[in-house]
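Novice: Mind looking over this structure? Questions follow.
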Ligand code: MLT
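Residue numbers (our numbering): 321 to 589.
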């Protein structure tokens, strides 16, 4: 039976049989209950567009720059990441973890008194290996906090896209959460969600819902298109206008599949 027949369920005898023992509707994009035989994938174009089901694996995406940067930090040996929704929450977390590094940005700049900002190029092994990072950014860390009820949270970005797909092997319920920008969708996050959906579909996953269809239509076809989308996005242009260091960040975040390995996608700890 096709996914759409199952999802449209109520008039379908087979679908009724499947759903009798099922939990209540989880999410418009992932509402096929019970034992999923194939992976179901939904997309939120911004965190406030919906809730992440506790049973799902959440892939949180903030291409520019939070999840690209955190992915670099983990690939370079950071022990774990504690996302904070605000600088105040970050400071409170540091009181509980006095050895941790305070990291993050406001208006793209390092927060005064913090150890590191939000450039992936700052997070080299000499700074971060073995360390706990308390991380606070305008959109990315809030999206990570918004997904904290999920069974598992992964860092999604273009730089670690292949590693994310590999890490999702065996999952039956995936919610891709785009950080967006101050509550609104952003092109680079939606395009990255689309690329992940497209790669998961190729492995047999069922991608559902209007947000996922929109994201899917934005999926870049190759590494050159990833560069074009990220560089040309509103946030990409804003960062590049801040100077060469920021332009280098944008270029770094737009390099498809540059990071491998399981560490580049998990929060750790
Ligand atoms: C964010 O979380 O909003 C971004 O990572 C901001 C930035 O690029 O510094």
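From the three backbone atoms N, C-alpha and C, an ideal C-beta is built for every residue, glycine too.
Being a predicted model, the structure only gives us computed values, none of them experimental.
#1: Residues bridged to residue 381 by DSSP?
#2: Across the region 438 to 454 and the region 368 to 378, are there enough close Cβ pairs to call them in contact, namely three or more that are closer than 8 Å?
#3: Could you name the residues that DSSP lists as bridge partners for residue 527?
#4: With a floor of 4 residues, list each alpha helix (DSSP H) that falls wholly inside the region 537 to 567, ordered by position along the chain.
#5: Return yes when at least one heavy atom of ligand 1 lies under 7 Å from the C-beta of residue 574, else no.
#6: Grab me the residues of residue 527's own chain with a C-beta within less than 6 Å of its C-beta, minus the 5 sequence neighbours each way, in chain order.
#7: Quick test of your reading: residue 475 and residue 585, contact by CB under 8 Å. State the CB separation rounded to the nearest angstrom.
#8: Whose CA, out of 470, 565, 525, 453, lies closest to the CA of residue 422?
#9: As a quick exercise: from 544, 531, 368, pick the residue whose alpha carbon is nearest that of residue 466.
#10: Whole angstroms is fine: what's the gap from residue 555's alpha carbon to residue 570's?
#11: Could you name the residues that DSSP lists as bridge partners for residue 424?
#12: Relative to the C-alpha of residue 426, which candidate in 581, 433, 387, 457 has its C-alpha closest?
#13: Say the cut is 7 Å; is the CB of residue 382 nearer than that to a heavy atom of ligand 1?
#14: Relative to the C-alpha of residue 576, which candidate in 379, 364, 530, 545 has its C-alpha closest?
#15: Compute the minimum distance between the beta carbon of residue 460 and the heavy atoms of ligand 1, and state whether it is under 7 Å.
#16: Does residue 493 pass the burial test, meaning 16 or more other C-beta atoms within 10 Å, or should it be called exposed?
#17: CB residue 488 to CB residue 514, shorter than 8 Å?
#18: How about residue 438: is its Cβ closer than 7 Å to a heavy atom in ligand 1?
#19: For the beta strand (DSSP E) containing residue 578, name the first residue and the last one.
#20: Using a 10 Å radius around the Cβ and a threshold of 16 neighbouring Cβ atoms, would you call residue 540 buried or exposed?
#21: Between which two residues does the alpha helix (DSSP H) harbouring residue 445 extend?
#22: Quick check: the Cα distance between residue 485 and residue 446, rounded to an integer number of angstroms?
#23: If contacts are defined as beta-carbon pairs under 8 Å, then residue 390 and residue 404 qualify, I think. What distance do you get, rounded to the angstrom?
#24: Sort out for me which residues DSSP pairs residue 504 with in a bridge.
#25: Taking residue 370 as the reference, give the member of 535, 498, 549, 512 with the closest Cα.
#26: Alpha carbon to alpha carbon, how far is residue 548 from residue 508?
#27: Would you mind sorting residue 460 into buried or exposed? The rule is 16 or more other CB atoms within 10 Å of its CB.
Specialist: Straight from the coordinates:
#1: Start at 1 with the first residue of the chain shown, and residue 381 comes out as number 61. Partner(s): 476, 498.
#2: Under the 8 Å Cβ criterion, the region 438 to 454 does not count as touching the region 368 to 378, having fewer than three qualifying pairs.
#3: Counting from 1 along the chain shown, the entry for residue 527 is found at position 207. BP columns for residue 527 point to 361.
#4: 543 to 552, 554 to 561
#5: As a working mapping, residue 574 is identified with position 254 in the chain shown. Incorrect: residue 574 has no Cβ contact closer than 7 Å to ligand 1.
#6: On the chain shown, residue 527 is found 207 positions in, with the first residue counted as 1. Closer than 6 Å at the Cβ level, and outside the excluded window around residue 527, lie 361, 517, 521.
#7: Residue 475 sits at position 155 when you count from the first residue of the chain shown. Residue 585 sits at position 265 when you count from the first residue of the chain shown. Right, their Cβ atoms sit about 5 Å apart.
#8: As a first step, residue 422 must be located in the chain shown, where it is residue number 102. Nearest of 470, 565, 525, 453 to residue 422, Cα basis: 453.
#9: The residue labelled residue 466 in the question sits at position 146 within the chain shown. When each option's Cα is compared against that of residue 466, the closest is 368.
#10: What you label residue 555 is simply residue 235 of the chain shown in a count that begins at 1. What you label residue 570 is simply residue 250 of the chain shown in a count that begins at 1. The straight-line gap from Cα to Cα measures roughly 9 Å.
#11: Your numbering for residue 424 matches position 104 in the chain shown. BP columns for residue 424 point to 456.
#12: Numbered from 1 along the chain shown, position 106 holds the residue referred to as residue 426. If we check each option's Cα against that of residue 426, 457 comes out closest.
#13: In the chain shown, residue 382 corresponds to position 62, counting from 1. Within the cutoff, so yes.
#14: Position 256 of the chain shown, counted from the first residue, corresponds to residue 576. Residue 545 is the option with its Cα nearest to residue 576.
#15: Your numbering for residue 460 matches position 140 in the chain shown. Within the cutoff, so yes.
#16: Taking the chain shown and counting its residues from 1, one reaches residue 493 at position 173. Buried, since its Cβ has 16 or more Cβ neighbours within 10 Å.
#17: Counting from one through the chain shown, the residue named residue 488 turns up at place 168. Counting from one through the chain shown, the residue named residue 514 turns up at place 194. It is not a contact, given that the beta carbons lie outside the stated cut-off.
#18: What you label residue 438 is simply residue 118 of the chain shown in a count that begins at 1. Result yes, Cβ under 7 Å from ligand 1.
#19: Residue 578 sits at position 258 when you count from the first residue of the chain shown. Note, residue 578: premise wrong, no beta strand (DSSP E); not H, not E.
#20: By 1-based counting over the chain shown, the position of residue 540 is 220. Its Cβ being crowded by 16 or more others within 10 Å, residue 540 is buried.
#21: Working through the chain shown from its first residue, we reach residue 445 at position 125. Where residue 445 is concerned, the enclosing alpha helix (DSSP H) stretches over 445 to 448.
#22: In the chain shown, residue 485 corresponds to position 165, counting from 1. In the chain shown, residue 446 corresponds to position 126, counting from 1. If you take the alpha carbons of residue 485 and residue 446, they lie about 28 Å apart.
#23: Translated into positions along the chain shown, residue 390 becomes position 70. Translated into positions along the chain shown, residue 404 becomes position 84. Going by Cβ atoms, the distance from residue 390 to residue 404 rounds to 12 Å, so no, they are not a contact pair.
#24: Translated into the one-based positions of the chain shown, residue 504 becomes position 184. In the DSSP output, where bridge partners are listed per residue, residue 504 has 501.
#25: Stepping through the chain shown from its first residue, residue 370 is reached at position 50. Among 535, 498, 549, 512, the Cα nearest to that of residue 370 is on 498.
#26: Looking up residue 548 in the chain shown gives position 228. Looking up residue 508 in the chain shown gives position 188. Those two C-alpha atoms are separated by around 10 Å.
#27: In the chain shown, counting from the first residue as 1, residue 460 sits at position 140. It is buried - the Cβ of residue 460 has at least 16 other Cβ atoms within 10 Å.
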